[in-house]
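Below is one structure, written out as structure tokens, with a few remarks after it.
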Amino acid sequence: MQTLQDMERKLKSADDLHTVVRTMKSLAAVSIRQYEDATRSLDRYFESVEMGLRAALRTHPLVGHQKEPHKTLIIVFGSDQGMAGRFNEAIVEFVQAARQEMKIRDDHFLTWVVGAKAHGLMEDAIGDVGQFFSLPPSVESITPKVQQILLHLAEVRQKLGELRLILFHNHPAGGSSYTQQRVNLLPPDQKWLTDLGGRQWVDRQIPLYTLPWEELFGALIGEYLFVAFFRAFASSMAAENAARLASMQRAEKNIEETKEELTRTFHTMRQNIISEELFDVISGFEALTGTEGDSA
7 MQTLQDMERK LKSADDLHTV VRTMKSLAAV SIRQYEDATR SLDRYFESVE
57 MGLRAALRTH PLVGHQKEPH KTLIIVFGSD QGMAGRFNEA IVEFVQAARQ
107 EMKIRDDHFL TWVVGAKAHG LMEDAIGDVG QFFSLPPSVE SITPKVQQIL
157 LHLAEVRQKL GELRLILFHN HPAGGSSYTQ QRVNLLPPDQ KWLTDLGGRQ
207 WVDRQIPLYT LPWEELFGAL IGEYLFVAFF RAFASSMAAE NAARLASMQR
257 AEKNIEETKE ELTRTFHTMR QNIISEELFD VISGFEALTG TEGDSA
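Going left to right, the sequence shown walks through residues 7 to 302 as the working numbering numbers them.
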């Protein structure tokens, strides 16, 4: 049977948990802003990369069709931590649906995963995962992590030849919601490159370059990949915090309802104890009064 002391301990635990949840809500909200700002900060840099590609493609347009890659590398971005609802389940289900839609043989797929939680789910879904990467702990750590992945990618491309490269990640959709996103990176979209090279140049003269065209174009595509990976990391981590914010909002509501119920129960128990004590006092008084009356 519960005592008042038990109820007081439960109320204190609920208060402590409420404090933790509110703190996590605040941290998630701040993190969302940081990662979204990091994504926006790349916009001007990406414009510079696009201008470089435009200049290169105007002097040396791509001709013909690109070779069809024999292997497809998919990179799935998830989370290292929990308390984010169905964040990881949603992206893994999205990947599975895309794999079925592409109708590519399983042995032609390579799969890399970012985030421990998504890694476990992908292994359950497809078996062995080729490479696993942990998430960077902060915005400042995204760049070294992108460079690490690009180094692995360069080694694999050197070994296996050109790959079809597709990124899958969650993307913030405003407030505490998010959607799933698929980004086709390699080979570069032929239509995009053709349109890019055909755009009118912003100045009277196209910039000159001294590097061999293939080397310049490869370097610009490398920068394009860097921006795409950085955006994928920042978007996914912003979406993760949006999912965590939504989970904390639900948890906060449940805690508040639990606290209200515990408080009502506590007051009811205390009132019952007071009533019982009063009843005992009255009964004792009546018994004492009756005894004295009999003695008289």
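No residue lacks a Cβ here, since even glycine has one placed at the ideal position from N, Cα and C.
N-terminal and C-terminal residue of the beta strand (DSSP E) that residue i is part of
i: residue 150; result: Note, residue 150: premise wrong, no beta strand (DSSP E); alpha helix (DSSP H) at 148–166.
Nearest-angstrom Cα separation, counted from residue j out to residue i
i: residue 58; j: residue 235; result: 19 Å
i: residue 61; j: residue 48; result: 20 Å
i: residue 46; j: residue 53; result: 12 Å
i: residue 106; j: residue 189; result: 17 Å
i: residue 284; j: residue 86; result: 57 Å
i: residue 152; j: residue 229; result: 11 Å
i: residue 64; j: residue 193; result: 19 Å
i: residue 71; j: residue 256; result: Low confidence applies to residue 71: its pLDDT is 48, below 50, so where it sits in the model is not reliable enough to give any reading.
i: residue 115; j: residue 213; result: 40 Å
i: residue 50; j: residue 44; result: 12 Å
i: residue 148; j: residue 42; result: 13 Å
i: residue 245; j: residue 39; result: 11 Å
i: residue 36; j: residue 253; result: 16 Å
i: residue 12; j: residue 294; result: 35 Å
i: residue 66; j: residue 88; result: 49 Å
i: residue 128; j: residue 143; result: 22 Å
i: residue 302; j: residue 286; result: Summary for residue 302: the model assigns pLDDT 48, below 50, so the residue's position carries little reliability; its value from the coordinates is reported in the next sentence. One C-alpha to the other measures close to 24 Å.
i: residue 32; j: residue 166; result: 46 Å
i: residue 267; j: residue 15; result: 14 Å
Terminal residues of the alpha helix (DSSP H) in which residue i lies
i: residue 27; result: 10–47
i: residue 116; result: Not the alpha helix (DSSP H): residue 116 falls in the beta strand (DSSP E), residues 115–120.
i: residue 101; result: 93–108
DSSP state of residue i mapped onto helix, strand, coil
i: residue 184; result: strand
i: residue 78; result: strand
i: residue 177; result: strand
i: residue 87; result: coil
i: residue 60; result: helix
i: residue 141; result: coil
i: residue 191; result: strand
i: residue 286; result: helix
i: residue 273; result: helix
i: residue 55; result: helix
i: residue 136; result: coil
i: residue 295; result: helix
i: residue 216; result: coil
i: residue 256; result: helix
i: residue 4; result: Nothing can be reported for residue 4, as the shown portion of the chain is limited to 7 through 302.
i: residue 237; result: helix
i: residue 250; result: helix
i: residue 111; result: coil
Residue i and residue j closer than 8 Å at C-beta
i: residue 24; j: residue 261; result: yes
i: residue 125; j: residue 138; result: yes
i: residue 117; j: residue 136; result: yes
i: residue 249; j: residue 184; result: yes
i: residue 10; j: residue 275; result: yes
i: residue 175; j: residue 232; result: no
i: residue 271; j: residue 20; result: no
i: residue 173; j: residue 81; result: yes
i: residue 4; j: residue 186; result: Nothing about residue 4 can be reported from this structure: the residues present for the chain run from 7 to 302 only.
i: residue 162; j: residue 141; result: no
i: residue 75; j: residue 222; result: no
i: residue 55; j: residue 226; result: yes
According to DSSP, residues forming a beta bridge with residue i
i: residue 172; result: 80, 190
heavy atom of the ligand MG below 7 Å from residue i C-beta
i: residue 188; result: The ligand MG is absent from the structure shown, which contains no ligands of any kind.
Minimum Cβ-Cβ distance from residue i to chain B less than 8 Å
i: residue 88; result: Protein chain content of the structure displayed is limited to a single chain, and chain B is not contained in it.
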